[in-house]
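The sequence shown: position 8 = 8 (the UniProt record's numbering), numbered continuously.
Each residue gets a CB set at the ideal place from its N, CA and C atoms; glycine is no exception.
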Amino acid sequence: MKQQKMNKNVPHSTIISIHFGHNATVALLKDGRITDCVSEERFNRIKNSTGFPHKALSYIKNIAGENVEYYVFTQKYPWGYNFLKATGFQSIPYNDVQPTAPKIPLRLRLWEKHYYKKNRDAMLDGINKIESNLALKKEMEDYFSKLLKVPKEKVLYADHHLTHALSAKFFTKQSEDNLVFTLDGEGDGLSSTVSRLNSDDIIVLSRGSKAFSLGYLYREVTAFLGMKPDEHEFKVMGLAPYAKTEHVEKLLPLFEKILWINNKDEFESEIPMPIIKYYLVSNFLYKRFDTIAGAIQLFTEKIVMDWIVRWVRKTNITNICLSGGVAMNVKMNERIAELAEVSSLSVVPSAGDESTVFGGCFVGYKRFCDDHKLKCTVTPVTDLYLGTSYSHPEIEKFLLANNYFEKYNISEPQNIELTVAQLLADNNVVARFSGRMEFGARALGNRSILANPRSYENVRIINEMIKNRDFWMPFAASILEEDEGRYIINPKKIPSDFMAITFNTTPSAQVDLIGSIHPYDKTSRPQIVKKMTNPGYHELISEFKRITGVGGILNTSFNLHGEPNVESPADAMHTFKNSGLNYMAIGSFLIAKKESSH
Numbered sequence: 001m002k003q004q005k006m007n008k009n010v011p012h013s014t015i016i017s018i019h020f021g022h023n024a025t026v027a028l029l030k031d032g033r034i035t036d037c038v039s040e041e042r043f044n045r046i047k048n049s050t051g052f053p054h055k056a057l058s059y060i061k062n063i064a065g066e067n068v069e070y071y072v073f074t075q076k077y078p079w080g081y082n083f084l085k086a087t088g089f090q091s092i093p094y095n096d097v098q099p100t101a102p103k104i105p106l107r108l109r110l111w112e113k114h115y116y117k118k119n120r121d122a123m124l125d126g127i128n129k130i131e132s133n134l135a136l137k138k139e140m141e142d143y144f145s146k147l148l149k150v151p152k153e154k155v156l157y158a159d160h161h162l163t164h165a166l167s168a169k170f171f172t173k174q175s176e177d178n179l180v181f182t183l184d185g186e187g188d189g190l191s192s193t194v195s196r197l198n199s200d201d202i203i204v205l206s207r208g209s210k211a212f213s214l215g216y217l218y219r220e221v222t223a224f225l226g227m228k229p230d231e232h233e234f235k236v237m238g239l240a241p242y243a244k245t246e247h248v249e250k251l252l253p254l255f256e257k258i259l260w261i262n263n264k265d266e267f268e269s270e271i272p273m274p275i276i277k278y279y280l281v282s283n284f285l286y287k288r289f290d291t292i293a294g295a296i297q298l299f300t301e302k303i304v305m306d307w308i309v310r311w312v313r314k315t316n317i318t319n320i321c322l323s324g325g326v327a328m329n330v331k332m333n334e335r336i337a338e339l340a341e342v343s344s345l346s347v348v349p350s351a352g353d354e355s356t357v358f359g360g361c362f363v364g365y366k367r368f369c370d371d372h373k374l375k376c377t378v379t380p381v382t383d384l385y386l387g388t389s390y391s392h393p394e395i396e397k398f399l400l401a402n403n404y405f406e407k408y409n410i411s412e413p414q415n416i417e418l419t420v421a422q423l424l425a426d427n428n429v430v431a432r433f434s435g436r437m438e439f440g441a442r443a444l445g446n447r448s449i450l451a452n453p454r455s456y457e458n459v460r461i462i463n464e465m466i467k468n469r470d471f472w473m474p475f476a477a478s479i480l481e482e483d484e485g486r487y488i489i490n491p492k493k494i495p496s497d498f499m500a501i502t503f504n505t506t507p508s509a510q511v512d513l514i515g516s517i518h519p520y521d522k523t524s525r526p527q528i529v530k531k532m533t534n535p536g537y538h539e540l541i542s543e544f545k546r547i548t549g550v551g552g553i554l555n556t557s558f559n560l561h562g563e564p565n566v567e568s569p570a571d572a573m574h575t576f577k578n579s580g581l582n583y584m585a586i587g588s589f590l591i592a593k594k595e596s597s598h
């Protein structure tokens, strides 16, 4: 068929967006379409790598070529640049913050009671004093211009929460009005925003100061419970269903004293977030850990639902999108989806700071379109397979170079997907390395460990083999699109391609998928697998269904405990060798450990 010729008068655009900070990430947009997105952790093997993403940027620049129209950083103020200077512009592990101090010092109690309440407005006026330091801003602009080897006017600095909100451009229906809510710890002085988003424009309706941060509160509770802040919040969420309702409700008022929605429909507090840890020690010491988890989770759900309902009623917009780190709370997202006031819900995948690069790409593309007087229309992101891939010859060369054909039983089945499906049906656990790597916090089948979901015993087996998860944490399910209605209750047809929301499950799911649903509340955080977006993975699950009658499988990330998900064949083999895994499908090869090495 004769190909249609490109219009030579339409200029091509290449935009690179960079997030440096927690889970540093780089994305590439070409002509309005996100083509690549990778996080630094996958290359330097430091989980949630913090700092400048040198390796990810190098990878993206090699793909982009020389003619990059704009580089866009996803923060406007230079406080993060100060942090980069302190780290020598290198990537480092995220700094764990542990709770300290057994009680609130008297001076802090007095300061909170007398000074802070009386002088809060003045403090908020000056909260960005360092962030808006013009000399530091100029130093930052000079440095990045030199680093990227481009003129300053080619480097843009976008407001952090604006990039969170604009990321929704790629995951919502652009023909309709959407209300976008952003919530995180903080970024560029804010911790929350509300925006009206449509195909033509974004209008910010509300901004919430970082002084009133729900994300920071949840973070401090995570630390108070002895877990890693900015990493283990999902464990607190997973623990919450085990708490007794009557005990949770007794603790709830203690959180309601910290943070509330005011008459302007914004978050407000009279306790400064930096001393929240002292409040927690004073009020929650010796309380049951599951009750505390249940209380902060219930509080989070209630306050965010209240916030959203107020803005829906104020604007009459019922299509909701969530972005920012707090939107990683899949149980909260489920409660929002169930609201009568909400007609549709979309959640930016991997909604923490790593996904701001989607919004950053839009900022750069909008500037490009304005430069050339073009209509700014972007292509929706339908899958997250935006990372690296390795060809059959590359994988074979790696296996040969390391003598793995001698060390392991390696075969090349006629149909690798059928072979893996049969192994799963026989109750084996299989690692899968195939196609392009997924972007984000969730494994979506291409860098995954898979198992038969019908056996709850497989949860224990996988944990002993490799994962070492806390006893209360569930695994997730990958479910065929055609079996979605069979297993999850989703009357509003909320999209669930990226494991961004939980759903109640059907009686069939509680039998067929018992190993991949929450053991206490019976909810599931599913990935709905479509043939169009991942034909190989869809075929694998379809073959498993043909053999077993079950239209889904247990899916968890392919990594050792404390490491990021695998990126390369070398990472995959490192994980395979150093775990109890016995089978790995890598490309079209099946690798099995020899009996002596089990």
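Item                                                                                                                                                                                     : Value
Taking DSSP as the reference, what is the three-state secondary structure of residue 54?                                                                                                 : helix
Which first and last residues belong to the beta strand (DSSP E) in which residue 422 is found?                                                                                          : Counting along the chain, residue 422 falls outside any beta strand (DSSP E), though it belongs to the alpha helix (DSSP H) covering 416-425.
Tell me the DSSP secondary structure of residue 243 in three-state form.                                                                                                                 : coil
Measure the CB-CB distance between residue 26 and residue 357 and report whether it falls below 9 Å.                                                                                     : yes
How is residue 164 classed by DSSP in three states: helix, strand or coil?                                                                                                               : helix
Using a Cβ-Cβ cut-off of 7 Å (strictly less than) and excluding sequence neighbours within five positions of residue 128, which residues of its own chain qualify?                       : Low confidence applies to residue 128: its pLDDT is 48, below 50, so where it sits in the model is not reliable, and the reading given next is rough at best. Within the same chain, residue 128 has close Cβ partners 77, 189.
Starting from the Cα of residue 184, find the closest Cα among 350, 399, 398, 13 and give me that residue.                                                                               : 350
Return the first residue and the last residue of the alpha helix (DSSP H) that residue 538 is part of.                                                                                   : 535-548
May I ask you to list the residues that DSSP assigns as paired with residue 268?                                                                                                         : 260
Determine the direct distance from the alpha carbon of residue 565 to that of residue 422, and round the result to whole angstroms.                                                      : 25 Å
Using three-state DSSP, classify residue 574 as helix, strand or coil.                                                                                                                   : helix
For residue 390, would you say it is in contact with chain C, using Cβ-to-Cβ distances shorter than 9 Å as the test?                                                                     : Protein chains in the displayed structure number just one, and chain C is not present.
Kindly list the residues whose CB is nearer than 6 Å to the CB of residue 418, restricted to its own chain and excluding five residues on each side of it in sequence; keep chain order. : 543
Residue 66: buried (16+ other C-beta within 10 angstroms of its C-beta) or exposed?                                                                                                      : exposed
Give a single yes or no on whether residue 301 has its beta carbon closer than 8 Å to a heavy atom of the ligand MG.                                                                     : The ligand MG is absent from the structure shown, which contains no ligands of any kind.
DSSP three-state label for residue 290, please.                                                                                                                                          : helix
Taking residue 510 as the reference, give the member of 548, 470, 456 with the closest Cα.                                                                                               : 456
Mind checking whether residue 471 and residue 462 have CB atoms under 9 Å apart?                                                                                                         : no
Are the beta-carbon atoms belonging to residue 432 and residue 584 less than 9 Å from one another?                                                                                       : yes
Which stretch, first to last residue, makes up the alpha helix (DSSP H) that contains residue 510?                                                                                       : 509-512
If we call anything under 9 Å between Cβ atoms a contact, is residue 317 one with residue 260?                                                                                           : no
In terms of residues, what are the limits of the alpha helix (DSSP H) holding residue 219?                                                                                               : 214-224
Whole angstroms is fine: what's the gap from residue 614's alpha carbon to residue 425's?                                                                                                : Here the chain has residues from 1 to 598 only, and residue 614 is not among them.
Could you have a look at residue 584 and say whether DSSP puts it in helix, strand or coil?                                                                                              : strand
Expressed to the nearest angstrom, what Euclidean distance is found between the alpha-carbon atoms of residue 525 and residue 484?                                                       : 12 Å
Assuming the contact rule is C-beta atoms closer than 8 Å, residue 299 and residue 255 should be a hit. Round their C-beta distance to whole Å, please.                                  : 4 Å
Give the DSSP-derived three-state secondary structure of residue 553 in the structure shown.                                                                                             : strand
Does DSSP put residue 135 in a helix, in a strand, or in coil?                                                                                                                           : helix
Mind checking whether residue 449 and residue 430 have CB atoms under 9 Å apart?                                                                                                         : yes
Report yes if the C-beta distance between residue 308 and residue 341 is below 9 Å; otherwise report no.                                                                                 : yes
Grab the span of the alpha helix (DSSP H) containing residue 400 for me, first residue to last.                                                                                          : 392-401
Assess contact between the segment 586-594 and the segment 394-409, defined as three or more Cβ pairs (one per stretch) separated by less than 8 Å. Is contact present?                  : yes
At the level of alpha carbons, what is the spacing between residue 377 and residue 285?                                                                                                  : 53 Å
Output needed for residue 221: all residues of its chain with C-beta closer than 7 Å, excluding positions within five of it in sequence on either side, in chain order.                  : 236, 280, 292, 296
Mind pulling the beta strand (DSSP E) runs of 3 or more residues that sit fully within the segment 67-95?                                                                                : 70-73
Which runs of the alpha helix (DSSP H), 4 residues or longer, sit entirely within the segment 325-378?                                                                                   : 330-337, 356-371
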